[in-house]
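Residue numbers (this note's numbering): 319 to 701.
Backbone N, C-alpha and C fix where the C-beta goes; we use that ideal spot for every residue, glycine too.
Keep in mind the model is a prediction, meaning the values are calculated, not measured.
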């Protein structure tokens, strides 16, 4: 036997789903008439029979529009409008005045205080709804324009900050080169040492420019991944071997933990190597002499059940918890660190994050008990 399924009742929209309009009117019949028109027009109504209650409601409920009578005892419509315009929470709410007669002085005073429109009582249903629609449409357009203006101002501010930072960071290696050349002239017997200092400064400036270009391409979508068959174990061996030499020179211990077998994968080898080099380079720079750096790779399953390669790079150096949320920001300086003394540009980790995202992966960082650990998960395909 087929069971009859009763249709589910359609739930009417709640006040939170509709545009809220606050009606402030001391005449009960007029107020109820407006509420009835608004309800039939698809709006949710709030109402107050005096100005003070209306102001309180506006601050508590943030209506999309206010309709307010001018002539009310004790606290009239002008007082209501002035109070709302002075409060940042309600200053931008569209405001329509109701007036018993088209008195030009009333209208002019209301507009001077910042009213958006007015209606003369008595009014027809269509007049009320058309006026509301026009005000809401205009307010929406103004809001969108202001949003664009704010976005452009933010972009302009970021551009100025970027230019200031680039100017500062390029000046640092140039100053180093200039000083090295001056010392070379004054003390030619130490020429080789000063040439090396100048060359290192040139490398730092070149790294800054290259990282800026790479970041721009990633952020603008111009940099495209180039997947290719990749012998993962070979790539990891070559990458870590170079850092074994560097860590020994710095009296650091680099521990590498790789599985016996790793799959041949299809991936962007250039981007993957860049990610690992930047993170290992960062670990070497901020690990003291005698400290440890650990590099581990394993196959894993992500939270959404995808096969991923999990890379863990940890070093004996702790970042204060308050600085961790900013660690991937461009040009971010951990307070107290000298990026040029460490040989960095402040762009390495920002670049790493963008490269990981381009490969559809994720990167997290934690820092505690004297260690900082970066964990990368990258989805992969095998041949």
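Practice problem: Would you mind reading off the limits of the beta strand (DSSP E) that contains residue 645? | Solution: Counting from 1 along the chain shown, the entry for residue 645 is found at position 327. That residue, residue 645, is in no beta strand (DSSP E); it is neither H nor E in DSSP.
Quiz item: Pairing CB atoms from the segment 634–652 with CB atoms from the segment 662–673, are three or more of them under 8 Å?
Solution: yes
Quiz item: Any idea what DSSP makes of residue 631, helix, strand or coil?
Solution: Position 313 of the chain shown, counted from the start, is the residue given in the question as residue 631. Looking at residue 631 - three-state DSSP - the assignment turns out to be strand.
Quiz prompt | DSSP state of residue 435 mapped onto helix, strand, coil | solution = Position 117 of the chain shown, counting from 1, holds the residue named residue 435. Note: residue 435 maps to strand in three-state DSSP.
Quiz item: Got a sec, what are the start and stop residues for the alpha helix (DSSP H) residue 601 sits in?
Solution: Walking along the chain shown from the start, residue 601 turns up at place 283. Per DSSP, residue 601 is one residue of the alpha helix (DSSP H) stretching across 587–603.
Exercise. For residue 453, collect the residues of the same chain with a Cβ closer than 7 Å to its Cβ; drop the 5 residues on either side in sequence, then sort them by chain order.
Key: Residue mapping note: residue 453 aligns to position 135 of the chain shown, counting from 1. For residue 453, where only same-chain residues beyond five positions count, the Cβ hits under 7 Å are 383, 412, 414, 434 and 435.
Quiz item: How many angstroms separate the CA atom of residue 352 from the CA atom of residue 359?
Solution: As a first step, residue 352 is located in the chain shown; it is residue number 34 there, counting from the start. As a first step, residue 359 is located in the chain shown; it is residue number 41 there, counting from the start. Each residue's alpha carbon lies about 10 Å from the other.
Quiz prompt | residue 563 versus residue 622: straight-line alpha-carbon distance, rounded | solution = Locating residue 563 in the chain shown gives position 245, where the first residue counts as 1. Locating residue 622 in the chain shown gives position 304, where the first residue counts as 1. Taking the straight line from one Cα to the other gives about 38 Å.
Quiz item: Roughly how many angstroms separate the alpha carbons of residue 336 and residue 364, rounded to a whole number?
Solution: Here the question's residue 336 lines up with position 18 in the chain shown. Here the question's residue 364 lines up with position 46 in the chain shown. If you take the alpha carbons of residue 336 and residue 364, they lie about 12 Å apart.
Quiz item: Looking at the structure shown, is residue 362 part of a helix, part of a strand, or coil, going by DSSP?
Solution: As a first step, residue 362 must be located in the chain shown, where it is residue number 44. Strand, per DSSP.
Quiz item: Okay, do the segment 464–475 and the segment 375–382 touch, 3+ Cβ pairs below 8 Å being the bar?
Solution: no
Exercise. Put residue 441 into one of helix, strand or coil per three-state DSSP.
Key: Residue numbering aside, residue 441 sits at position 123 when the chain shown is read from its first letter. Coil.
Self-check item: From 595, 388, 692 and 568, residue whose alpha carbon lies closest to that of residue 629
Solution: Position 311 of the chain shown, counted from the start, is the residue given in the question as residue 629. The candidate whose alpha carbon is nearest that of residue 629 is 692.
Quiz item: So the alpha helix (DSSP H) residue 336 belongs to, where does it begin and stop?
Solution: As a first step, residue 336 must be located in the chain shown, where it is residue number 18. Premise fails: residue 336 is in no alpha helix (DSSP H) and is neither H nor E.
Quiz item: If you count every other CB in all the chains shown that lies within 10 Å of the CB of residue 624, and 16 or more means buried, which is it?
Solution: What you label residue 624 is simply residue 306 of the chain shown in a count that begins at 1. Burial call: exposed.
Quiz prompt | Own chain residues within Cβ distance below 6 Å of residue 604, not counting five before or after | solution = Start at 1 with the first residue of the chain shown, and residue 604 comes out as number 286. Cβ neighbours of residue 604 beyond the five flanking positions: 635.
Quiz item: Going by DSSP, what residues sit across from residue 616 in a beta bridge?
Solution: In the chain shown, residue 616 corresponds to position 298, counting from 1. According to DSSP, residue 616 bridges with 628.
Quiz prompt | Those runs of the beta strand (DSSP E) which lie wholly inside the segment 517–566 and span at least 3 residues | solution = You should have 546–549.
Exercise. Could you spell out the range, first to last residue, of the beta strand (DSSP E) harbouring residue 373?
Key: Within the chain shown, the letter at position 55 stands for residue 373. Careful: residue 373 lies outside any beta strand (DSSP E), inside the alpha helix (DSSP H) at 369–379.
Self-check item: Endpoints, alpha helix (DSSP H) assigned at residue 400
Solution: In the chain shown, counting from the first residue as 1, residue 400 sits at position 82. It spans 395–404 - the alpha helix (DSSP H) in which residue 400 sits, taken as one unbroken run.
Practice problem: Using only alpha-carbon positions, find the residue among 571, 581 and 523 that is nearest to residue 550. | Solution: Your numbering for residue 550 matches position 232 in the chain shown. Nearest of 571, 581 and 523 to residue 550, Cα basis: 581.
Quiz item: By DSSP, does residue 621 sit in helix, in strand, or in coil?
Solution: Sequence index remark: in the chain shown, residue 621 carries index 303 (1-based). In this structure, residue 621 counts as coil in the three-state DSSP scheme.
Quiz prompt | Segment contact, 8 Å Cβ cut-off, at least three pairs: the segment 587–599 with the segment 669–687 | solution = yes
Quiz item: Looking at residue 598 and residue 615, is the spacing between their C-beta atoms short of 9 Å?
Solution: Your numbering for residue 615 matches position 297 in the chain shown. Your numbering for residue 598 matches position 280 in the chain shown. No.
Quiz item: According to DSSP, is residue 347 helix, strand or coil?
Solution: Within the chain shown, residue 347 is the residue found at index 29, counting from 1. Helix at residue 347.
Practice problem: Out of 343, 442, 610 and 673, state which residue places its alpha-carbon closest to the alpha-carbon of residue 392. | Solution: As a first step, residue 392 must be located in the chain shown, where it is residue number 74. It is 343 whose Cα lies nearest to the Cα of residue 392.
Exercise. Determine the direct distance from the alpha carbon of residue 499 to that of residue 637, and round the result to whole angstroms.
Key: Along the chain shown, read from residue 1 onward, the residue named residue 637 stands at position 319. Along the chain shown, read from residue 1 onward, the residue named residue 499 stands at position 181. Distance between the alpha carbons of residue 637 and residue 499 is about 36 Å.
Practice problem: Please say whether residue 350 and residue 388 have beta carbons closer to each other than 9 Å? | Solution: Reading the chain shown from its first residue, position 70 is the one you call residue 388. Reading the chain shown from its first residue, position 32 is the one you call residue 350. Going by C-beta atoms, residue 388 is not nearer than 9 Å to residue 350.
Practice problem: Would you give the residue range spanned by the beta strand (DSSP E) that residue 672 belongs to? | Solution: Here residue 672 is taken as the residue at index 354 of the chain shown, counted from 1. First-last for residue 672: 666–676, but that is the alpha helix (DSSP H), not the beta strand (DSSP E).
Quiz prompt | Straight-line gap, residue 438 to residue 394 (C-alpha atoms, nearest Å) | solution = In the chain shown, the residue the question calls residue 438 occupies position 120. In the chain shown, the residue the question calls residue 394 occupies position 76. Whole-angstrom Cα-Cα distance: 16 Å.
Quiz item: Is residue 681 helix, strand or coil when you go by DSSP?
Solution: One-based indexing of the chain shown puts residue 681 at position 363. Residue 681: strand per DSSP, three-state reduction.
Quiz item: What does a CB cutoff of less than 6 Å around residue 609 pick up in its chain, not counting 5 residues either side in sequence?
Solution: Along the chain shown, one-based indexing puts residue 609 at 291. Hits under 6 Å: 570 and 634.
Self-check item: CB-CB length for residue 339 against residue 385, believed under 8 Å
Solution: Along the chain shown, one-based indexing puts residue 339 at 21. Along the chain shown, one-based indexing puts residue 385 at 67. That belief holds up - the Cβ atoms of residue 339 and residue 385 are roughly 6 Å apart, short of 8 Å.
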